[in-house]
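Residue numbers (this note's numbering): 346 to 486.
What follows is one structure encoded as structure tokens, with my remarks underneath.
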């Protein structure tokens, strides 16, 4: 092998090694990134009916306004259930087509009954016939 080919091979190997180290570091930082503390973030307040209607009217605009943001959604409870992980899921009345499904964080201290009005704070993760909120907690009035 000639000298110039060796230099090119060493430079390419060094660049590849540097790229792998950088990618590993970025991946580690993203994996260990702490969750946002929903309790201490100022939310965007909206009624459940208006949130679902916004997604039904124009999902792209609603995503721009609400996706990955902390929302405080108020509305009437239609259903309380558990998901596969055993977490409480509260459904709030939206429009005739969809609801707001709120996956509660931790153990729910309040007794939530259907047909009662509540205000729930959580992070909006999008729309799948229902608007989905995660890391939710009941807001005291």
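Ideal Cβ placement from N, Cα and C applies to all residues, glycine included.
It should be emphasised that the depicted structure is a prediction, and the values quoted were computed from it without experimental measurement.
DSSP three-state assignment for residue i, whether helix, strand or coil
i, result
"residue 396", "helix"
"residue 471", "strand"
"residue 458", "coil"
"residue 383", "helix"
"residue 453", "coil"
"residue 377", "coil"
"residue 364", "helix"
Cβ neighbour criterion (16 or more within 10 Å) applied to residue i
i, result
"residue 442", "exposed"
"residue 500", "Only positions 346 to 486 of the chain appear in the structure, and residue 500 is not among them; the question remains open."
"residue 419", "buried"
"residue 424", "exposed"
"residue 426", "exposed"
"residue 444", "buried"
"residue 446", "buried"
"residue 355", "exposed"
"residue 466", "buried"
In DSSP terms, what residue i is bridged to
i, result
"residue 444", "438"
"residue 482", "466"
"residue 477", "446, 471"
Min CB distance residue i to chain B below 7 Å
i, result
"residue 465", "Any reference to chain B falls outside this structure, which holds one protein chain only."
(Q) Give the list of continuous alpha helix (DSSP H) stretches no shorter than 4 residues that lie fully inside the segment 388-439. (A) If only uninterrupted alpha helix (DSSP H) runs of at least 4 residues are considered, those enclosed by the segment 388-439 are 393-402, 404-411.
Q. With a cut-off of 8 Å, do at least 3 Cβ pairs link the segment 374-385 to the segment 400-410?
A. no
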